[in-house]
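Quick note on the numbering used here: the sequence shown kicks off at -15 and runs consecutively.
Glycine included, each C-beta is placed from N, C-alpha and C at the ideal position.
From a predicted model like this one, the values you see are computed outputs, not experimental measurements.
One structure below.
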Amino acid sequence: MKKIDKIRIQNFKAFPEFQEFDLKGKNLLIYGNNGSGKSSLYWALYTLLQSCEKTVARVNDYFVVYDEANDRTFESLRNIFSQEPDSFIEIELQGEPPIRIAHGNIGATQTANIKEANKASDFINYKLLHNFYNSTHKSQLNIWSVFKHDIFPYFSFDGKAFSENLNNLYNNLPKTGNRFYRRNSSYYNQYQQKIAKFNNELQTLIVKINIQANKVLKDKFEINDIEVLLEYAENLKWDENYSRRFSDPEIKLSIKVKKDGGLVPNHRPQSFLNEAALTRIAISIRLGALQTRLEQSDWKILVLDDMLISLDMSNRMIISKIILEDNDLSDFQKIILTHDKGFFDILKSKTDSSEWEYLEFYKDEKTINSRPRIKVNKTEFEKAKEYFEESEFDACANYLRKEAEKILKHYLNKELNNQFETLSNLIGQAKNKIDSDRLARFNKLFKKGTLPLEKLKIDFEADTALTLAEKGQLRTLRAYLINFLIEQNEQEIQISAKLDELRSIKDRILNPGSHRTSMPYYEQELKDAIQIVEQLYVLLNPAP
């Protein structure tokens, strides 16, 4: 699969000047506070890919110079404070020439490759999820607009996206000039057949998405007491009762709740469920739609902008696990943007720098026309090594302590616990975990307790009193015991010893460094501490 190597933006939304993002073909995780410009990156990628389905005139609307006196410029996405004459969005795939859109220039996106990538990619942000439930409590949810804007562009029939087929119906009414064809004319009937074709294809699509959405809800979220129900309740119609107008189509979203052994329909889930539950359903539908199409393409991206804002941390981690680990999503180059620094740090700890780039966006909120400041996010360990090289030993020791705490919290599965714990306590808990895990594994070897274990001391293969099955079980047990002893010697004893070294070095170096006392910092001891922390990370995070 091809990957985006570089993204370049100039004079577009929050970026008044030239800005390049070097992804190196990796996934991208971005932290940025609200208004820092991260959503501008989201819309830049969305605009570039969607341009393959638009005319030059339509794309020009995004790059025209804004003029308050001219309402035809009101859709401009240029930065209104920029002095740059040129405005463009550009991506560069690895080993490929750049793909750019600008005013009057969309030729690079009018290719089969880009059209395939657009259909295969997906963009989800918090606004799109909110649109699922943008309705009063007394009304049944109609998510036609969600499908129209966020799903139709990515699904096709007869070689064209649903959105293109729908626009063709809107723009090619059965008339010549200002006169409509008669109802019994072939032109009129052909047009109505096209509407019927659209409705049939949409009905089939909704059924497929409904099936996949419920699979996501059940298999990924482990929710078994609710089912999603999507219904194409009101078809698209034109000229009903000689109106020469389109009807208002309805795609109804309701749920079925398990009760007393049956399923009870609820047609107003926005009144029955809390925001987190509603968000899970919306995400299930979006992911269900994504898994329904899974288009073939040389490259595809999945861009998520604060998608999980309504969920608590445990539910965020469930969805993050789907995004990061689901086999169906493994071919996507993922770009995740969040304003939650804690969530950013957890995601970073669960990803690998060999596959991900990490950036932070900042912007001066007091100055309206300031440009985003972008810096590479570095781990505490990377910062510690940098400070060591600069002979800033106080800061080096402080960041080493933070890195050691992070490693141990990850090992102890305490990343979601925001309570303060000292490094000493974490070291003690880690040693206890090693001992308890070892005992649990050892006891597991003998849980059945039916084998004549004393036979392990002799050559049981020659013992005629044993059955073939018993000999096979003894062979397996012997192999497990040998592996257990090797693992204990090669890994667990090393981990325990390394924790003892960390405790020793903590008392001499890490605690003084973090509390800024006058104790001298010895370069060699800090160098040793860096090695200990690095080795501990490797031991507690074995390669798969």
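- Scanning its chain for C-beta atoms nearer than 8 Å, with the 5 sequence neighbours on each side dropped, one finds around Q94 the residues C36, in chain order.
- Between T322 and L295, the beta carbon gap of about 12 Å keeps them out of contact (Cβ cut-off 8 Å).
- The way I'd put it, the segment 402 to 422 does touch the segment 480 to 489; three or more beta-carbon pairs between them come closer than 8 Å.
- The Cβ atoms of I108 and V287 sit closer than 9 Å to each other.
- Residues of the same chain with a CB within less than 6 Å of the CB of D106, apart from the 5 flanking positions on each side, are L274 and L286 in chain order.
- With respect to L7, I(-7) sits apart: the two C-beta atoms are not nearer than 9 Å.
- The way I'd put it, the segment 359 to 366 does touch the segment 376 to 389; three or more beta-carbon pairs between them come closer than 8 Å.
- For P249, the uninterrupted beta strand (DSSP E) run begins and ends at G246 to N250, by DSSP.
- Within the same chain, W222 come within 6 Å of F230 by CB-CB distance, once the 5 residues on both sides are set aside.
- In this structure, F(-1) is the residue among L157, F(-1), D244 and S304 with its C-alpha nearest to the C-alpha of F345.
- For R62, the CB contacts under 7 Å within the same chain, skipping 5 residues up- and downstream, are N(-5), F(-4), F47, V49, Y50 and S71 in chain order.
- DSSP, reduced to helix, strand and coil, places Y154 within a helical segment of the structure shown.
- Each residue's CA atom was taken as its position, placing S24 and G88 some 21 Å apart.
- Residue state for L292 is assigned as coil, using DSSP reduced to three classes.
- Between the alpha carbons of W128 and A381 lies a gap of roughly 57 Å.
- In the DSSP assignment, E224 falls outside any alpha helix (DSSP H), carrying neither H nor E.
- For V517, the uninterrupted alpha helix (DSSP H) run begins and ends at E507 to L524, by DSSP.
- Per the C-alpha coordinates, the member of D232, P253 and S281 positioned closest to Y117 is P253.
- DSSP places A388 in the uninterrupted alpha helix (DSSP H) bounded by F377 to Y395.
- Rounded to the nearest angstrom, the Cβ distance from Q280 to K(-13) is 16 Å, too far for a contact under 8 Å.
- In this chain, the beta strand (DSSP E) harbouring I(-9) covers I(-12) to Q(-6).
- Between S304 and the set K284, K332, F141 and I470, the nearest pair of CA atoms involves K332.
- Using a Cβ distance threshold of 9 Å, K455 and D447 count as a contacting pair.
- Under DSSP, Q3 takes part in a beta bridge, and its partners are I(-7).
- By the CB criterion at 9 Å, N11 and I319 fall inside the cutoff.
- No residue range can be given for F136, since it is assigned to no alpha helix (DSSP H) and is classified by DSSP as neither H nor E.
- Annotation: Q478 to I207 spans about 42 Å, alpha carbon to alpha carbon.
- Within the same chain, Cβ atoms closer than 6 Å to the Cβ of L396 are found at Q413, the five residues on either side in sequence being excluded.
- Here K122 carries a coil assignment [DSSP, helix/strand/coil].
- Judged by DSSP in its simplified three-state form, Y346 adopts strand.
- Ranked by Cα distance from S119, the options N168, K236 and F58 are led by K236.
- By the CB criterion at 9 Å, F182 and F146 fall inside the cutoff.
- One thing to note: L153 has its Cβ within 9 Å of the Cβ of L220.
- In the DSSP assignment, N11 falls within the unbroken beta strand (DSSP E) covering N11 to G16.
- Here L271 has V200 as same chain residues with Cβ atoms under 6 Å from its own Cβ, once five neighbours each way along the sequence are excluded.
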